[in-house]
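Asker: My questions will all concern the structure given below.
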Amino acid sequence: MRRITWIIALVVGVTMVLAGCGKKDAGSVVNDLDQLVGKMDSYQASGTMTLQTGQEPQDYQVEVWYKSKNYYRISLVNEKKDISQIVLRNDEGVFVLTPHLNKSFRFKSDWPERQGQVYLYQSLVQSIVDDKARQFTVDNGAYVFDVTANYQNASNLARQRIWLNKKNYAPQHVEVSDANANVKVIVDFKQFEFGKKFDKDSFDMKRNMTAGNMNILPLDQEKATGNVDPTIKDLIKPEVDKATVGTVAPEDKAVSGTIDPVTGATIVENAEDVEDAALSGTPVDGKKSPDDKAVGETDTPITEPVVNPAEPVNPANPQEEKLTFGAIDPSYTPLGVKQVDIAEITLGGTKAILMRYAGDYNYSIVESKPQVEEAMATVLNGDIVDLGFTLAVITGDEMKSLQWLQNGMEFKLSSSDLPEEEMIKVAMAFEGQSSK
122 MRRITWIIAL VVGVTMVLAG CGKKDAGSVV NDLDQLVGKM DSYQASGTMT
172 LQTGQEPQDY QVEVWYKSKN YYRISLVNEK KDISQIVLRN DEGVFVLTPH
222 LNKSFRFKSD WPERQGQVYL YQSLVQSIVD DKARQFTVDN GAYVFDVTAN
272 YQNASNLARQ RIWLNKKNYA PQHVEVSDAN ANVKVIVDFK QFEFGKKFDK
322 DSFDMKRNMT AGNMNILPLD QEKATGNVDP TIKDLIKPEV DKATVGTVAP
372 EDKAVSGTID PVTGATIVEN AEDVEDAALS GTPVDGKKSP DDKAVGETDT
422 PITEPVVNPA EPVNPANPQE EKLTFGAIDP SYTPLGVKQV DIAEITLGGT
472 KAILMRYAGD YNYSIVESKP QVEEAMATVL NGDIVDLGFT LAVITGDEMK
522 SLQWLQNGME FKLSSSDLPE EEMIKVAMAF EGQSSK
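What follows is the structure, encoded as structure tokens:
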């Protein structure tokens, strides 16, 4: 009897040891992930992000470089929509770069700390660590977590499933779903390498701008680590010194314009001036708008078009530039607001469309063909806004502006009273819309 009891105890003990060696539970994996991110010095990732939020799926090529503690380079490319952007963070601040247009915006920001991104490893791990009600399964060679999704400007996204490589916890696949379990965002990681060695100027703004395209910048292959698939033990290294983010001051912009010799109206050369004039309640040409009575119920004066479309854009040039695109109306307008005017205007010698809205809130939207910038640096007080289909920049205090590129067009929404969350809703409502 004693011998049988001893044998049973031995078998149970060996089984428990083997089970402990061969299988991890959710708690031990989460603990490993927390340590890994805390000690992680760098990584490089690439893959495809698919958005299924519109009528047709939209694919984006994503490239992520990270170097501890605050160096990021994210490349987003969608050739169909003519979207090519780089988000860069270094000691000088946070940049949104569009190299082929020579556009550069710089912010004093803590991005991406306050804005999780589905393609950033830190954001994925943080969502796993924070969700105490997380669900955990094992799927072939991957650990799978089902956790709450918490992304800025994406309240419709409720849950996400994250597949991690069992060997080194590298991300393999992510699916983000709405409250009805409809998958809206998919990220497939084609390549992920911990401990990547980058060139000294890989996160330099000038290098990324002068690259001139969104291809991956060449790395010094002789310096690159040969340890492509390190073990968990290799990944947890001592912390490096914390980098500090520089402070950036806003840059003042001068108002410029010329006088139309026929109408006497001011032809404003900067988008900011056009929008300020449209929202200020003072007509640019000094005349009272004939639309005032029609909009009386809103108690908001509306100005007449900045430029008389019947007159030449440039009187010195008899060949007037023709408008080659139509106005695009967003699918969403705030309650108590209506569109009151659409006008052709001139920005920097090129045609643009100004759409004005009035009511409980008042705002304008300028739609134009993006122009290659002469000056490379624009220093602003603002932040990055993720619209889902593209990244936008929001700037200003009393007069706020939200600016983004989409389908080869540039949009700028400006308002002194439209709340920021409403501005973002209006901008997101341009997705899937076509011109008139």
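Here the working numbering is used: the first residue of the sequence shown is 122, the next is one more, and so on.
Note that beta-carbon positions come from the ideal geometry of N, C-alpha and C, so glycine has one too.
In angstroms with no decimal places, state the Cα-to-Cα distance between residue 553 and residue 175.
Answerer: Walking along the sequence shown from the start, residue 553 turns up at place 432. Walking along the sequence shown from the start, residue 175 turns up at place 54. Between the alpha carbons of residue 553 and residue 175 lies a gap of roughly 6 Å.
Asker: Out of 230, 254, 528, which has the shortest C-alpha to C-alpha gap to residue 215?
Answerer: Residue 215 sits at position 94 when you count from the first residue of the sequence shown. With distances taken between Cα atoms, residue 215 lies closest to 230.
Asker: Nearest CA to the CA of residue 452: which residue from 537, 299, 203, 549?
Answerer: Against the sequence shown, residue 452 aligns to sequence position 331. When only C-alpha atoms are compared, the closest one is 549.
Asker: Considering just the uninterrupted stretch of the beta strand (DSSP E) at residue 168, what are its terminal residues?
Answerer: Position 47 of the sequence shown, counted from the first residue, corresponds to residue 168. 163-172 is the span of the beta strand (DSSP E), which, as asked, contains residue 168.
Asker: If residue 527 sits next to residue 311, beta carbons under 8 Å apart, how far is it from one beta carbon to the other, in whole angstroms?
Answerer: What you label residue 527 is simply residue 406 of the sequence shown in a count that begins at 1. What you label residue 311 is simply residue 190 of the sequence shown in a count that begins at 1. No, residue 527 and residue 311 are not in contact; Cβ-Cβ is about 26 Å, not under 8 Å.
Asker: Counting only the same chain and skipping the five closest in sequence on each side, list residues whose C-beta sits under 6 Å from that of residue 224.
Answerer: In the sequence shown, residue 224 corresponds to position 103, counting from 1. Taken in chain order, the residues that qualify are 494.
Asker: Which word fits residue 504, buried or exposed, when buried means at least 16 other C-beta atoms lie within 10 angstroms of its C-beta?
Answerer: Start at 1 with the first residue of the sequence shown, and residue 504 comes out as number 383. With 16 or more Cβ atoms within 10 Å of its Cβ, residue 504 is classed as buried.
Asker: At which residue ranges does the segment 176-256 contain complete beta strand (DSSP E) runs of 3 or more residues, listed in the order of the chain?
Answerer: Taking 3 residues as the minimum length, the beta strand (DSSP E) runs contained wholly in the segment 176-256 are 179-188, 192-199, 204-211, 214-219, 224-228, in order along the chain.
Asker: Assuming contact is defined by CB atoms lying nearer than 9 Å, are residue 160 and residue 264 in contact in what I supplied?
Answerer: Position 39 of the sequence shown holds residue 160. Position 143 of the sequence shown holds residue 264. Contact flag unset, no.
Asker: Exposed or buried, which one is residue 149 when buried takes at least 16 other CB atoms within 10 Å?
Answerer: Residue mapping note: residue 149 aligns to position 28 of the sequence shown, counting from 1. So residue 149 counts as exposed.
Asker: DSSP three-state call for residue 308: helix, strand or coil?
Answerer: Mapped onto the sequence shown, residue 308 falls at position 187. In the three-state scheme derived from DSSP, where H, G and I count as helix and E and B as strand, residue 308 is classed as strand.
Asker: Starting from the C-beta of residue 280, find all residues in its chain whose C-beta is less than 6 Å away, skip the five residues before and the five after it, and write them out in chain order.
Answerer: Against the sequence shown, residue 280 aligns to sequence position 159. Once the five neighbours on either side are set aside, the close Cβ partners of residue 280 are 270, 298.
Asker: Suppose contacts are defined by Cβ-Cβ distances below 9 Å. Is residue 208 in contact with residue 227 by that definition?
Answerer: To locate residue 208, count along the sequence shown from 1; it is residue 87. To locate residue 227, count along the sequence shown from 1; it is residue 106. No. Outside cutoff.
Asker: Could you check whether residue 463 and residue 555 sit closer than 9 Å to each other, using their CB atoms as the reference points?
Answerer: Here residue 555 is taken as the residue at index 434 of the sequence shown, counted from 1. Here residue 463 is taken as the residue at index 342 of the sequence shown, counted from 1. No, Cβ-Cβ distance for residue 555 and residue 463 is not below 9 Å.
Asker: For residue 512, count neighbouring Cβ atoms within 10 angstroms of its own Cβ and tell me buried if that reaches 16, exposed if not.
Answerer: On the sequence shown, residue 512 is found 391 positions in, with the first residue counted as 1. So residue 512 ends up on the buried side.
Asker: Using CA atoms only, rank isn't needed, just tell me which of 284, 243, 309 is closest to residue 163.
Answerer: Reading the sequence shown from its first residue, position 42 is the one you call residue 163. Taking only the C-alpha atoms, the option nearest residue 163 is 243.
Asker: Any idea which residues DSSP pairs residue 535 with across the strands?
Answerer: Working through the sequence shown from its first residue, we reach residue 535 at position 414. Its beta-bridge partners are 485, 522.
Asker: By DSSP, does residue 155 sit in helix, in strand, or in coil?
Answerer: Within the sequence shown, residue 155 is the residue found at index 34, counting from 1. Helix at residue 155.
Asker: Please name the residue, chosen from 302, 221, 459, 547, that lies closest to residue 480 on a Cα-to-Cα basis.
Answerer: The residue you call residue 480 lines up with position 359 of the sequence shown. Nearest C-alpha to residue 480: 459.
Asker: Distance, Cα to Cα, residue 501 vs residue 524?
Answerer: Locating residue 501 in the sequence shown gives position 380, counting from the first residue. Locating residue 524 in the sequence shown gives position 403, counting from the first residue. If I take the Cα positions, the gap works out to 12 Å.
Asker: Could you spell out where the alpha helix (DSSP H) holding residue 286 opens and where it closes?
Answerer: Here the question's residue 286 lines up with position 165 in the sequence shown. Counting along the chain, residue 286 falls outside any alpha helix (DSSP H), though it belongs to the beta strand (DSSP E) covering 278-286.
Asker: Quick one: what does DSSP say residue 436 is sitting in, helix, strand or coil?
Answerer: Residue 436 sits at position 315 when you count from the first residue of the sequence shown. Its pLDDT being 42, under 50, residue 436 is placed unreliably in this model, and the value from its coordinates should be taken loosely. Residue state, collapsed to three classes: coil.
Asker: For residue 541 versus residue 515, is the C-beta distance shorter than 9 Å?
Answerer: Sequence index remark: in the sequence shown, residue 541 carries index 420 (1-based). Sequence index remark: in the sequence shown, residue 515 carries index 394 (1-based). In this structure, residue 515 lies closer than 9 Å to residue 541 by Cβ.
Asker: How about residue 168 and residue 308: are their beta carbons less than 9 Å apart?
Answerer: One-based indexing of the sequence shown puts residue 168 at position 47. One-based indexing of the sequence shown puts residue 308 at position 187. It is a contact, given that the beta carbons lie within the stated cut-off.
Asker: One question on the structure: do residue 461 and residue 478 come within less than 9 Å of each other, judged by their Cβ atoms?
Answerer: If you number the sequence shown from 1, residue 461 lands on position 340. If you number the sequence shown from 1, residue 478 lands on position 357. Yes.
Asker: Straight-line CA distance for residue 321 to residue 329?
Answerer: Along the sequence shown, one-based indexing puts residue 321 at 200. Along the sequence shown, one-based indexing puts residue 329 at 208. About 13 Å.
Asker: Give the single residue among 291, 326, 256 whose Cα lies nearest to the Cα of residue 262.
Answerer: Counting from one through the sequence shown, the residue named residue 262 turns up at place 141. Comparing Cα positions, the closest option is 291.
Asker: Among the residues of its own chain, which have a CB less than 6 Å from the CB of residue 531, if the five just before and after it don't count?
Answerer: The count along the sequence shown starts at 1 and reaches residue 531 at position 410. Excluding positions up to five away in sequence, the list reads 489, 491.
Asker: Counting along the chain, where does the alpha helix (DSSP H) carrying residue 474 start and finish?
Answerer: Start at 1 with the first residue of the sequence shown, and residue 474 comes out as number 353. It is not in any alpha helix (DSSP H) - residue 474 instead sits in the beta strand (DSSP E) that spans 471-480.
Asker: Looking at the unbroken alpha helix (DSSP H) that takes in residue 493, where does it start and where does it end?
Answerer: Working through the sequence shown from its first residue, we reach residue 493 at position 372. Run containing residue 493: none; DSSP gives neither H nor E here.
Asker: Classify residue 235: buried if its beta carbon has 16 or more other beta carbons within 10 angstroms, exposed otherwise.
Answerer: Position 114 of the sequence shown, counted from the first residue, corresponds to residue 235. Exposed: under 16 other Cβ atoms inside 10 Å.
Asker: Quick test of your reading: residue 172 and residue 510, contact by CB under 8 Å. State the CB separation rounded to the nearest angstrom.
Answerer: Here residue 172 is taken as the residue at index 51 of the sequence shown, counted from 1. Here residue 510 is taken as the residue at index 389 of the sequence shown, counted from 1. Sure, about 6 Å apart at Cβ, within 8 Å.
Asker: How many Å lie between residue 250 and residue 155 at the Cα?
Answerer: Within the sequence shown, residue 250 is the residue found at index 129, counting from 1. Within the sequence shown, residue 155 is the residue found at index 34, counting from 1. The alpha-carbon atoms of residue 250 and residue 155 are separated by roughly 7 Å.
Asker: Between the C-alpha atoms of residue 547 and residue 288, what's the straight-line distance to the nearest angstrom?
Answerer: Locating residue 547 in the sequence shown gives position 426, where the first residue counts as 1. Locating residue 288 in the sequence shown gives position 167, where the first residue counts as 1. Cα-Cα distance, rounded: 44 Å.
Asker: Taking DSSP's pairing of strands, which residues face residue 503 in a bridge?
Answerer: As a working note, residue 503 is residue 382 in the sequence shown. According to DSSP, which records beta bridges pairwise, residue 503 is partnered with 516.
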